[in-house]
DNA sequence: CCCACTTTTTTACACTTTGTTGATAACTTT
DNA sequence: AAAGTTATCAACAAAGTGTAAAAAAGTGGG
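Residue numbers (my numbering), protein chains in the order written: chain A, 1 to 154; chain B, 1 to 154.
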């Protein structure tokens with residue numbers, strides 16, 4: 001499974017195409033290394049890019065944790081799949097991102113692609129920078145999440 | 001696992017490359033001894049360099065103790081991965097540090113690489129020197145941290 | 001203690017890969 | 001068929017990578 005790391009500034013051309021940075025490309029370990037799924041993030045004003053294999057893992061997680069006969073779950077599932085798109089790398093190693101999605105998260109010309117374990121987030125550059133937490137906020141958050149219980153390292 | 005000691009003055013060339021000091025290289029004990037991850041430090045104006053193995057240990061801990069569908073956890077993961085990059089030693093034993101990161105911590109030509117257990121800090125030389133605590137401040141800090149309770153040695 | 005030798009560091013240059021842009025061709029949709 | 005969208009290609013610019021040689025620093029033997 002791919003684990004991505006590193007954030008890269010990239011540019012979107014007027015057709016909505018982004019060159020997928022070569023260092024990220026090298027980190028893709030997937031059966032079909034040029035198929036991806038993009039999607040609006042659930043919580044933040046950004047897009048999320050999954051290699052196809054990782055996406056399938058995510059949908060499996062959803063399947064196993066929901067019951068389509070439960071009305072609320074069904075609602076959730078519909079929303080979860082709304083605004084997803086399959087994208088492929090073209091012959092130049094670029095991804096064509098649907099205009100619709102770009103608009104949803106306010107992406108213009110400058111973006112940041114940020115590797116985060118199994119997925120890659122795509123942000124409008126300004127938003128990525130202003131979304132940054134102060135170091136003390138981060139410290140508090142870290143302590144709340146990792147600081148309480150004994151850590152599992154496996 | 002590598003434990004680094006010693007601080008070394010190094011120079012960055014105009015392309016952002018740093019010769020990894022030979023004495024530090026000898027201290028690397030890792031599966032892939034020429035792969036590293038650099039990252040902006042959380043608290044200080046410096047970069048931190050982890051041997052890949054050490055980094056993977058860190059991310060494994062994070063992966064197993066967080067759930068990316070939890071909003072706060074996801075926020076934490078994003079901050080954790082912000083400003084990271086994978087770097088490798090080239091054929092001359094140099095590391096190419098991303099310009100973006102060098103700018104973030106005000107590194108020009110002269111830097112200090114300082115071993116600190118599992119990681120190596122990279123400072124702009126001037127900042128490293130001015131960041132030094134006065135000896136009495138340091139003494140107070142030492143006493144507060146180590147001086148109260150009986151010490152554990154394992 | 002000095003010299004010769006090895007290793008490490010610095011510098012410069014050439015070359016390859018990656019990134020950017022624009023233009024054109026093929027395809028869909030209306 | 002026209003308009004819009006998507007794919008393919010080519011050319012240039014920028015960044016990254018590798019090689020080599022010169023300079024500096026460290027090491028050991030006489």
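Yeah, the Cβ is synthetic: ideal placement off N, Cα and C, and Gly gets one too.
Every value quoted in this text rests on a predicted model; they were computed, and no experiment measured them.
If you draw a straight line from the alpha carbon of residue i to that of residue j, how long is it in whole angstroms?
i                      : j                      : result
residue 81 of chain B  : residue 146 of chain B : 31 Å
residue 102 of chain B : residue 85 of chain B  : 12 Å
residue 151 of chain B : residue 33 of chain A  : 52 Å
residue 52 of chain A  : residue 110 of chain A : 25 Å
residue 130 of chain A : residue 47 of chain A  : 16 Å
residue 106 of chain A : residue 127 of chain A : 9 Å
residue 60 of chain A  : residue 54 of chain A  : 10 Å
residue 19 of chain A  : residue 26 of chain A  : 14 Å
residue 77 of chain A  : residue 40 of chain A  : 14 Å
Got a sec, what are the start and stop residues for the beta strand (DSSP E) residue i sits in?
i                      : result
residue 107 of chain B : Looking at the DSSP string, residue 107 of chain B is not in any beta strand (DSSP E), and its letter there is neither H nor E.
residue 61 of chain A  : No beta strand (DSSP E) contains residue 61 of chain A, which is instead part of the alpha helix (DSSP H) from 52-65.
residue 84 of chain A  : 84-88
residue 36 of chain A  : 35-40
residue 24 of chain A  : Careful: residue 24 of chain A lies outside any beta strand (DSSP E), inside the alpha helix (DSSP H) at 22-27.
Interface residues of chain A around residue i at Cβ under 8 Å?
i                      : result
residue 138 of chain B : Simply none; closest approach about 22 Å.
residue 36 of chain B  : Near residue 36 of chain B there are no residues of chain A at all, since even the closest Cβ is about 11 Å away, more than 8 Å.
In the DSSP assignment, find the unbroken alpha helix (DSSP H) run with residue i in it and report its ends.
i                      : result
residue 124 of chain B : Taken as a continuous stretch (DSSP letters only), residue 124 of chain B belongs to no alpha helix (DSSP H), being part of the beta strand (DSSP E) at 119-124.
Who are the neighbours of residue i on chain B, taking C-beta pairs under 8 Å?
i                     : result
residue 30 of chain A : Per Cβ cutoff of 8 Å: no residues; residue 30 of chain A is ~18 Å from chain B at best.
List, in chain order, every chain A residue whose beta-carbon is nearer than 9 Å to that of residue i.
i                      : result
residue 103 of chain B : Chain A residues near residue 103 of chain B: none, gap ~12 Å exceeds 9 Å.
Could you work out which residue in the options is closest to residue i when comparing CA atoms only?
i                      : options                      : result
residue 117 of chain A : A:74, A:12, A:50 and A:90    : A:50
residue 43 of chain A  : B:69, B:98, B:95 and B:58    : B:69
residue 22 of chain B  : B:93, B:120, B:115 and B:143 : B:93
residue 15 of chain B  : B:99, B:148 and B:149        : B:99
residue 56 of chain B  : A:125, A:3 and A:136         : A:3
residue 156 of chain B : B:40, B:148, B:120 and B:19  : Beyond the ends of chain B as shown, which are 1 and 154, falls residue 156 of chain B; an answer cannot be given.
residue 87 of chain A  : A:63, A:113 and A:17         : A:17
For residue i, which of helix, strand or coil comes out of DSSP?
i                      : result
residue 138 of chain A : helix
residue 128 of chain A : helix
residue 5 of chain A   : strand
Starting from the beta carbon of residue i, find every residue of chain A whose beta carbon is closer than 7 Å, and list them in chain order.
i                     : result
residue 75 of chain B : 141
Please list, in chain order, the chain B residues whose beta carbon lies closer than 7 Å to that of residue i.
i                     : result
residue 79 of chain A : The premise fails here: residue 79 of chain A is roughly 13 Å from chain B at the closest Cβ pair, so nothing lies under 7 Å.
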